[in-house]
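S.K.:
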Amino acid sequence: MQERKRNLPRWLRGLSARLLVLTMFFVMISEVLIYVPSIARFRLMFLENRIADAHLASLALKATPDNVVSRPLEMELLANAMVRGIVLKRQEARVMMLMDDMPPRVDTTYDLRAAGALQLIADAFATLVQGDRTLRVVGRFPDQSEGSLEVIVDETQLYAAMIDYSTNIMKLSLIISLLTASLVYLSLQLLMVLPMRRITASLVAFRKAPENANSMIAKSTRGDEIGKAERELHHMQDGLRAALTQKAHLAALGVAVSKINHDLRNILATAQLVSDRLGDVQDPTVRQVAPRLMQSIDRAIELCSQTLSFGRADEAAPNPVAFALCDLVDDLPAFAGLPSDGSITWRNDVPAEIIVKADREQIFRVLMNLARNAIQAMPQGGEISLAARCDGTAVVVEFGDNGPGLPDKARQHLFEPFTGSARAEGTGLGLAIAKELLVAHGGDLTLLRSGPGGTVFRIDLPGDRR
Ligand SMILES: Nc1ncnc2c1ncn2[C@@H]1O[C@H](COP(=O)(O)OP(=O)(O)O)[C@@H](O)[C@H]1O
Ligand SMILES: [Mg+2]
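First residue of the sequence shown? That's -14 in our numbering, and the numbers climb one at a time after it.
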């Protein structure tokens, strides 16, 4: 199909050329539909005229006392009526007759008094196909009186007249279809094809250089659908261009921030090394401030690390492997930094048979962020519990704690980077990163419930079954 399209001649590939050809084709079809009944009508008129002429000729017979005219006059009357014989019948008795010297053998008889429209069409096409028969045509007296009038006609004359008529109709149809097609073509060209070309050209130019304001389509004043499409396209390009510019700025800013962050983290790491040594100093003032200093440095390092990992737009795509979720949850407490006094209990209710297919490292980071938040929310201790169940091919994990619930500020900007934090030392990145990682897996992170009794997050993960 595709191949055949490409093989079309170049001029036929455009919208306008196809419209031109189609319009001509459709006009020709309608002309044919008009031609069929009209050729039947033409034949009927031709034969009715013969009947009428024959009637006139027969009047000459009436004028004679014994209904007989001289042979030369008889021939002249027949020639004038363009027939080879005339028979007038009253109540089935022949009353008068004019005949050629060689009475012809009749091939077909047509009775014009009884023929329906479809029959007339079929008879007309029979004439066009055969064309050389001798016909007996029966008609009514033109004066509507009783009886019938028969004429013997050579079909060749009728055939010639019909061919003549058809040729004229054909020429006329061609002229009309050309004229109509040209007019339709021109108006479509003006109304649709040219604007479509404008839109297409603008789309191509915009794709090549979206930041170039000149590649945008001009704002249209047309009131029709094309005008609407042009205006919508203009708005879209405008919005897209602004968004792209902003994105480029943000990307540049992000690069700068991550560079600063990276260096800062190294500097802080050095500071951490140095401050660790302060622990050994016996001076009481130093002993008093050292822990706070170390805590601040830790926080600063955490901020740098989180920001860096969020800024990594090229976060590696998940590398899904099948693993038992239960085992991963068991590994967590050792890394999440549970208080050493055992005030927080870690409950793993994940059934051992639940297997997820996901990037183990990234899911570990997700659970780690949630665990850190829960630990930070429960300084007096509490319980963190994880449960999971299969939901079709997906796995639903519920991550809950019995802490004080989300503060209002956190709830308003939940999952929004940098703004979601309600803690003085928070970055507001933990939940945003966790959600982003899960969405990249085709999963999600949502807040199930939160209140004075605790907070439960829901994690949707792809299961191992397909
Ligand atoms: N389990 C939880 N219980 C109570 N508050 C929570 C919990 N998890 C998150 N929060 C609140 O949501 C905020 C946003 O968390 P997060 O995105 O990880 O940023 P950060 O931890 O850096 O503040 C936190 O500041 C905290 O106030
Ligand atoms: Mg956090």
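Here a beta-carbon is modelled for each residue, glycine too, at the ideal position from N, C-alpha and C.
Per DSSP, which residues does Cys375 bridge with? Please list them.
M.R.: Translated into the one-based positions of the sequence shown, residue 375 becomes position 390. Beta-bridge pairing links Cys375 to Val380.
S.K.: Do Val441 and Glu383 have their beta-carbon atoms positioned less than 8 Å apart in this structure?
M.R.: Working through the sequence shown from its first residue, we reach residue 383 at position 398. Working through the sequence shown from its first residue, we reach residue 441 at position 456. Cβ distance < 8 Å, so Glu383 and Val441 count as in contact.
S.K.: Just how far apart, CA to CA, sit Ser172 and Phe27?
M.R.: Translated into positions along the sequence shown, residue 172 becomes position 187. Translated into positions along the sequence shown, residue 27 becomes position 42. Those two C-alpha atoms are separated by around 36 Å.
S.K.: Check the DSSP bridge columns for Thr270 and list the partner residues they point to.
M.R.: The residue you call residue 270 lines up with position 285 of the sequence shown. None; Thr270 has no bridge partner.
S.K.: Can you pull every residue whose C-beta falls closer than 7 Å to some heavy atom of ligand 2, listed in chain order?
M.R.: This criterion selects Asn354, Arg357, Asn358, Gln361, Gly411, Gly415, Leu416.
S.K.: Closest by CA to Pro336, which one among Leu143, Ala37, Arg374, Thr330?
M.R.: Here residue 336 refers to the residue found at position 351 of the sequence shown. Among Leu143, Ala37, Arg374, Thr330, the Cα nearest to that of Pro336 belongs to Arg374.
S.K.: To which residues of the same chain is Glu346 closer than 7 Å at the C-beta, ignoring the five residues directly before and after it?
M.R.: Within the sequence shown, residue 346 is the residue found at index 361, counting from 1. Contacts found: none.
S.K.: Do the CB positions of Gly70 and Leu97 come within less than 8 Å of each other?
M.R.: Here the question's residue 70 lines up with position 85 in the sequence shown. Here the question's residue 97 lines up with position 112 in the sequence shown. Cβ distance not < 8 Å, so Gly70 and Leu97 don't count as in contact.
S.K.: At a cut-off of 7 Å, would you count Ala395 as near ligand 1, judging by its Cβ distance to the nearest heavy atom?
M.R.: On the sequence shown, position 410 is the one that residue 395 refers to. Checking the Cβ of Ala395 against ligand 1 gives yes.
S.K.: Any heavy atom of ligand 1 within a distance shorter than 7 Å of the CB on Thr330?
M.R.: Start at 1 with the first residue of the sequence shown, and residue 330 comes out as number 345. No, ligand 1 has no heavy atom inside 7 Å of this Cβ.
S.K.: Can you tell me whether DSSP reads Phe308 as helix, strand or coil?
M.R.: Working through the sequence shown from its first residue, we reach residue 308 at position 323. Of the three classes helix, strand and coil, the one that applies to Phe308 here is strand, per DSSP.
S.K.: CB-CB under 6 Å to Met(-14), same chain, minus the five flanking residues each way: which ones, in chain order?
M.R.: Locating residue -14 in the sequence shown gives position 1, counting from the first residue. For Met(-14), the predicted structure reports a pLDDT of 44, less than 50, and the residue's modelled location is therefore unreliable. A value from the coordinates is still provided. So no residue of the chain qualifies.
S.K.: Go ahead and label Lys420 buried or exposed: buried means 16 or more other beta carbons lie within 10 angstroms of its beta carbon, across all protein chains shown.
M.R.: Taking the first residue of the sequence shown as 1, we reach residue 420 at position 435. Answer is buried; the Cβ neighbour count reaches 16.
S.K.: Helix, strand or coil for Phe442? Go by DSSP, reduced to three states.
M.R.: Translated into positions along the sequence shown, residue 442 becomes position 457. It is a strand residue.
S.K.: Could you give the C-beta distance for Ser470 and Met9, rounded to a whole number, given that I count them as a contact under 8 Å?
M.R.: Since the first residue shown for the chain is -14 and the last is 451, residue 470 is missing from the structure and cannot be characterised.
S.K.: Check this for me: beta carbons of Val122 and Glu135, under 8 Å apart or not?
M.R.: Along the sequence shown, one-based indexing puts residue 122 at 137. Along the sequence shown, one-based indexing puts residue 135 at 150. A contact, by the Cβ cut-off of 8 Å.
S.K.: First and last residue of the beta strand (DSSP E) that includes Val335?
M.R.: Here residue 335 refers to the residue found at position 350 of the sequence shown. Counting along the chain, Val335 falls outside any beta strand (DSSP E), and DSSP gives it neither H nor E.
S.K.: Distance, Cα to Cα, His220 vs Pro195?
M.R.: Here residue 220 is taken as the residue at index 235 of the sequence shown, counted from 1. Here residue 195 is taken as the residue at index 210 of the sequence shown, counted from 1. Each residue's alpha carbon lies about 13 Å from the other.
S.K.: Please classify Ile369: does DSSP put it in a helix, a strand, or coil?
M.R.: Residue mapping note: residue 369 aligns to position 384 of the sequence shown, counting from 1. Reduced to three states, the DSSP call for Ile369 is strand.
S.K.: Quick check: what's the CA-CA separation for Thr206 versus Gly212?
M.R.: Position 221 of the sequence shown holds residue 206. Position 227 of the sequence shown holds residue 212. For Thr206 and Gly212, the distance between alpha carbons rounds to 6 Å.
S.K.: Here's a check: name, in chain order, each residue in its chain whose Cβ is nearer than 7 Å to the Cβ of Thr112, leaving out the five neighbours to either side.
M.R.: The residue given as residue 112 occupies position 127 in the sequence shown. Taken in chain order, the residues that qualify are Arg28, Glu140, Leu143, Tyr144, Met147.
S.K.: Going by CA-CA distance only, name the one from Ser328, Ala301, Val271 that's closest to Ala343.
M.R.: Within the sequence shown, numbered from 1, the residue matching residue 343 stands at position 358. Out of Ser328, Ala301, Val271, Ala301 has the C-alpha closest to the C-alpha of Ala343.
S.K.: Using the C-alpha atoms, what's the distance from Arg182 back to Leu313?
M.R.: Counting from 1 along the sequence shown, the entry for residue 313 is found at position 328. Counting from 1 along the sequence shown, the entry for residue 182 is found at position 197. Taking the straight line joining both Cα atoms gives about 58 Å.
S.K.: Cβ of Ala343 less than 8 Å from any chain B Cβ?
M.R.: Looking at the structure shown, chain B is missing, and only one protein chain is on hand.
S.K.: I need the boundaries of the beta strand (DSSP E) containing Val123, first residue and last residue.
M.R.: As a working note, residue 123 is residue 138 in the sequence shown. Counting along the chain, the beta strand (DSSP E) containing Val123 begins and ends at 119 to 125.
S.K.: Please indicate yes or no: does the CB of Gly322 lie closer than 7 Å to some heavy atom of ligand 1?
M.R.: The sequence position of residue 322 within the sequence shown is 337, counting from 1. Result no, Cβ not under 7 Å from ligand 1.
S.K.: Taking the DSSP output, what are the residues bridged to Gly385?
M.R.: For the purposes of this step, residue 385 is taken as residue 400 along the sequence shown, with counting starting at 1. For Gly385, which the question treats as bridged, DSSP gives the partners Ser370, Val441.
S.K.: Would Ala356 pass as a contact of Ala309 if the rule is Cβ separation under 8 Å?
M.R.: Indexing the sequence shown from 1 puts residue 356 at position 371. Indexing the sequence shown from 1 puts residue 309 at position 324. No. Outside cutoff.
S.K.: My output table needs one value for Pro276: the three-state DSSP class, helix, strand or coil.
M.R.: The count along the sequence shown starts at 1 and reaches residue 276 at position 291. Three-state result, Pro276: helix.
S.K.: From what residue to what residue does the beta strand (DSSP E) around Leu391 run?
M.R.: Numbered from its first residue, the sequence shown carries residue 391 at position 406. From DSSP, Leu391 is part of no beta strand (DSSP E); its letter is neither H nor E.
S.K.: What are the boundary residues of the alpha helix (DSSP H) that includes Gly116?
M.R.: Taking the first residue of the sequence shown as position 1, residue 116 is located at position 131. Element bounds for Gly116: n/a, residue is neither H nor E.
S.K.: Determine whether the beta carbon atoms of Asp315 and Ala379 lie at a separation below 8 Å.
M.R.: Here residue 315 corresponds to residue number 330 of the sequence shown, with the count starting at 1. Here residue 379 corresponds to residue number 394 of the sequence shown, with the count starting at 1. No. Outside cutoff.
S.K.: Where does Ser294 fall in DSSP's three states?
M.R.: Mapped onto the sequence shown, residue 294 falls at position 309. It is helical.
S.K.: Pick from Ala237, Glu210, Ala198: whose alpha carbon is nearest that of Gln222?
M.R.: Looking up residue 222 in the sequence shown gives position 237. Of Ala237, Glu210, Ala198, the residue nearest in Cα terms is Ala198.
S.K.: Less than 7 Å between C-beta atoms, sequence neighbours within five positions excluded: which residues of the same chain meet that for Arg35?
M.R.: For this step, residue 35 is matched to residue 50 along the sequence shown. Closer than 7 Å at the Cβ level, and outside the excluded window around Arg35, lie Ala66, Met67, Val68, Val122, Val136, Val138.
S.K.: Would you mind giving the Cβ-Cβ distance between Leu5 and Ala228, rounded to the nearest angstrom? I have them listed as a contact below 8 Å.
M.R.: As a first step, residue 5 is located in the sequence shown; it is residue number 20 there, counting from the start. As a first step, residue 228 is located in the sequence shown; it is residue number 243 there, counting from the start. Going by Cβ atoms, the distance from Leu5 to Ala228 rounds to 41 Å, so no, they are not a contact pair.
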